[in-house]
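Numbering (the numbering used here), first residue to last: 10 to 297.
Structure representation (structure tokens):
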């Protein structure tokens with residue numbers, strides 16, 4: 010059931026896409042699970058319960074997703090043990106590092122080191138803080154801060170879990186560009202954190218902007234930044250390629266989980282009357 014114009018807010022669309030309309034069966038089931046709480050309430054209390062269910066949906070989904078993601082990262086240890094042999098996936102790691110070494114030069118090494126520091130434990134939080142501060146100021150809402158903090162906390166947790174359980178050695182020191190790092194190699198923390206924070210910030214910018222050209226530019230720059238950050242880790246010999254691949258995949262999965270939690274919150278907050286539809290959830294035709 011389409012929204013009336015008065016019910017729309019700056020939060021719930023990306024271009025013509027309504028974030029509170031769920032096109033997949035699994036998405037509609039997820040919304041219906043929490044919308045049922047509102048439908049079951051007494052009419053006089055429906056608005057309060059709908060508000061509560063929106064926040065409950067966000068918190069429960071985010072927590073469950075984090076637990077599942079952490080368990081999957083921990084399970085990577087078993088997978089890693091099965092692929093470390095010469096016949097496994099990591100057979101690509103050494104050849105890729107060897108190819109990167111042939112491209113190095115003093116000037117390029119310095120430039121890539123400066124860039125990779127942007128995605129480090131100091132640079133990336135500062136970059137994210139600036140972006141979030143601007144978005145929060147423009148929107149006059151706490152949404153950017155809340156989503157970014159949750160995304161960052163989950164990213165840090167999965168990095169710690171992955172490094173602690175897999176405990177993979179980094180490439181040999183004589184093949185790396187100083188300064189050297191001493192933590193475990195898998196997954197690449199720079200890559201994982203950059204992927205999570207950049208994806209969430211891009212999502213927030215897409216909600217903010219109305220111009221298709223700006224959205225395209227934002228997605229392109231965000232993608233290039235994340236790809237370059239991961240490849241810089243391999244170029245410098247600070248990580249194996251498979252460390253970076255894991256960082257991209259795990260980071261994207263967690264960022265999408267945070268975005269899904271936000272969409273659940275939007276749906277149940279902006280559409281407390283979803284019970285008016287036959288199944289209590291937005292229909293597929295509600296958005297283009």
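Beta carbons: idealized from backbone N, C-alpha and C, even for Gly.
Boundaries (first-last residue) of the alpha helix (DSSP H) holding residue 127:
115–127
For a test of the three-state rule: what should DSSP assign to residue 149, helix, strand or coil?
coil
Judging by CA-CA distance, which residue of 66, 121 and 189 is the nearest neighbour of residue 244?
121
Beta-carbon separation (whole angstroms), residue 128 vs residue 202, contact threshold 8 Å
7 Å
I want to know whether the segment 250–269 touches the segment 193–201 - three or more CB-CB distances under 8 Å.
yes
Quick one: grab the DSSP three-state call for residue 22.
strand
Three-pair Cβ contact test at 8 Å for the segment 255–275 versus the segment 207–225
yes
Selection from 221, 160 and 174 that minimises the alpha carbon distance to residue 260:
160
Would a C-beta distance cut-off of 7 Å place residue 141 and residue 130 closer than the cut-off?
no
If you run the structure through DSSP and keep just helix, strand and coil, what is residue 27?
strand
According to DSSP, is residue 38 part of a helix, a strand, or is it coil?
helix
With DSSP collapsed to three states, give me the class of residue 51.
Below a pLDDT of 50, predicted positions are generally treated as unreliable, and residue 51, at 49, falls in that range; the measurement from the model is reported next regardless. Here residue 51 sits in coil by DSSP.
For the segment 233–244 against the segment 104–120, are there 3 or more C-beta pairs whose distance is under 8 Å?
yes
DSSP state of residue 249 mapped onto helix, strand, coil:
coil
For the alpha helix (DSSP H) containing residue 102, name the first residue and the last one.
102–111
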